[in-house]
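First to last, the protein sequences are chains A and B.
So the first sequence is residues 102 to 123, counted in the working numbering.
So the second sequence is residues 907 to 1036, counted in the working numbering.
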Amino acid sequence: HEGVVATVKEAGRSIHEIPREE
Amino acid sequence: KGALGYVREFTRHSSDVLGNLNELRLRGILTDVTLLVGGQPLRAHKAVLIACSGFFYSIFRGRAGVGVDVLSLPGGPEARGFAPLLDFMYTSRLRLSPATAPAVLAAATYLQMEHVVQACHRFIQTSYEP
């Protein structure tokens, strides 16, 4: 990738969580 | 030249997306096909089915697949193997027991899910070993 010097890992959630149906 | 920067890789993104797709399936949101297995309806997303199964790829890939709303799968003894496969597609977890493995194997063979077929074979072989 142009201009990219490092990849940083993100261990947390990446997107919203769809509420579970009750 | 572009500015120097970082790529941030969200390592659990694929499982987060799959988890949300499974919740959408369970809630019937944007599901676009009904699989009839022995008369029992199973709702699903064609996009997930086509991504996981060679059989569904063959059915849905063309224009004709857009109009398919209901699809009948074989009934009989193999029928109870389909629900665990659908769960697997949406969770990456395949539930197998000595009682269900032959049905799951038959269903996976029908759906052209080669890697699952191999996993079933390995499980059945292992369960027969002393």
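We put the beta carbon where it would ideally sit given N, CA and C, even for glycine.
Run through DSSP, which three-state label would residue i get?
i	result
Ser1033/B	helix
Ala1009/B	helix
Gln1018/B	coil
Glu984/B	helix
Ile935/B	coil
Leu955/B	helix
Arg969/B	helix
Pro990/B	helix
Ser115/A	coil
Gly104/A	coil
Tell me residue i's beta-bridge partners as DSSP assigns them.
i	result
Glu929/B	Partner(s): none; Glu929/B has no beta bridge.
Arg914/B	Val109/A
Gln1040/B	The structure shown does not extend to residue 1040/B, since chain B spans only 907 to 1036, so no value can be given for it.
Val976/B	Thr940/B
Taking all protein chains shown into account, do 16 or more other C-beta atoms lie within 10 angstroms of the C-beta of residue i, making it buried, or fewer, making it exposed?
i	result
Ala107/A	exposed
Ala1005/B	exposed
Leu936/B	exposed
Pro990/B	buried
Gln973/B	Position check: residue 973/B holds Gly in this sequence, whereas Gln was assumed. With fewer than 16 other Cβ atoms within 10 Å, it is exposed.
Ala1012/B	buried
His951/B	buried
Ser964/B	exposed
Leu1028/B	It should be pointed out that residue 1028/B corresponds to Arg in this sequence rather than to Leu. Answer is exposed; the Cβ neighbour count stays below 16.
Leu1000/B	buried
Arg931/B	buried
Report the neighbours of residue i on chain A: residues whose CB is nearer than 8 Å to its CB, in chain order.
i	result
Thr917/B	Lys110, Glu111, Ala112
Leu992/B	Within chain A, no residue comes near Leu992/B; the closest Cβ sits about 17 Å away, beyond 8 Å.
Which residues of chain A have a Cβ atom closer than 9 Å to the Cβ of residue i, listed in chain order?
i	result
Val923/B	Ser115, Ile116
Tyr912/B	Val105, Val106, Ala107, Thr108, Val109
Leu930/B	Ile119
What does residue i touch in chain A if you count any residue whose Cβ is under 7 Å from its own?
i	result
Leu977/B	Within 7 Å Cβ-Cβ: nothing; Leu977/B doesn't reach chain A, min ~24 Å.
Arg933/B	Glu122
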